[in-house]
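Engineer: All residue numbers for the sequence shown refer to the working numbering, where the first residue is 1 and numbers rise by one. Before we start, here is the structure in question, set down as structure tokens.
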Amino acid sequence: MNHRWSRNVVAIAAVLMAVVVGYTRAAQTGVPGSDKGGGDKGSKNAHENPPQRDPALELLRLRNEGVVHFESGIGLKKSLGRFEAALRLKPDSAIDIYNLGTANRKLGKPDLALTQLSRAARADASLPHPLYSMALIYRSNGQNSQAIEMLTKAK
């Protein structure tokens, strides 16, 4: 695991611990998003994590929320919004461009996804994930030779 990825893993673990602590406090007090018993029970964002002042933590929050919505399968549009916001914070990030591409692939926008995934592959040539996702799109379109080419490059 290279240094950049290990830093991201450590940072993600820290954010997840903060989320767990927040949910534990909410469970103890009965009020989501609060550790004092007050709060916005009726708010539509009662279960959202608050924006972070530190840009690095905000980036992690947006990425994590995007992944959660993406993985749920029912929050793809929400995941797209989080990934777009993360990309605004770090415009040249291969990870965030890749996340956008995978969300657009799932949303049935293969042309846009291919553009974003290609951009992610150019932003970080050592990252195989965009190439693999591009191969999935090519295969689903019946473009098997392009799919094989992408998988070969992803090795």
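In this text, a Cβ means the ideal position worked out from N, Cα and C, and glycines have one as well.
1) Just to confirm the assignment, what range does the alpha helix (DSSP H) spanning R53 have?
2) Distance check for L59 and I148, CA to CA, integer angstroms please.
3) Looking only at its own chain, which residues have a Cβ that is under 6 Å from the Cβ of A125, when we skip the five neighbours before and after it?
4) Am I right that L89 and P55 are in contact with their C-beta atoms under 8 Å? What's the rounded C-beta distance?
5) Find out if the Cβ-Cβ distance for the pair S79, A103 is shorter than 8 Å.
6) Within the continuous alpha helix (DSSP H) that includes Q146, where are the two ends?
7) Determine the direct distance from the alpha carbon of R53 to that of R139, and round the result to whole angstroms.
Structural biologist: Reading it off the structure:
1) The sequence position of residue 53 within the sequence shown is 53, counting from 1. R53 -> no alpha helix (DSSP H), and no H or E assigned at all.
2) The residue given as residue 148 occupies position 148 in the sequence shown. The residue given as residue 59 occupies position 59 in the sequence shown. I148 and L59 have their alpha carbons spaced roughly 34 Å apart.
3) Stepping through the sequence shown from its first residue, residue 125 is reached at position 125. Once the five neighbours on either side are set aside, A125 has no close Cβ partner at all.
4) Numbered from its first residue, the sequence shown carries residue 89 at position 89. Numbered from its first residue, the sequence shown carries residue 55 at position 55. The pair is a contact, with the Cβ atoms about 6 Å apart (cut-off 8 Å).
5) The residue given as residue 79 occupies position 79 in the sequence shown. The residue given as residue 103 occupies position 103 in the sequence shown. Inclusion of S79 and A103 in the CB contact set at 8 Å is warranted, their separation being smaller than that value.
6) Indexing the sequence shown from 1 puts residue 146 at position 146. That run of the alpha helix (DSSP H) goes 144-154.
7) Here residue 139 corresponds to residue number 139 of the sequence shown, with the count starting at 1. Here residue 53 corresponds to residue number 53 of the sequence shown, with the count starting at 1. In this structure, the alpha-carbon of R139 lies about 42 Å from that of R53.
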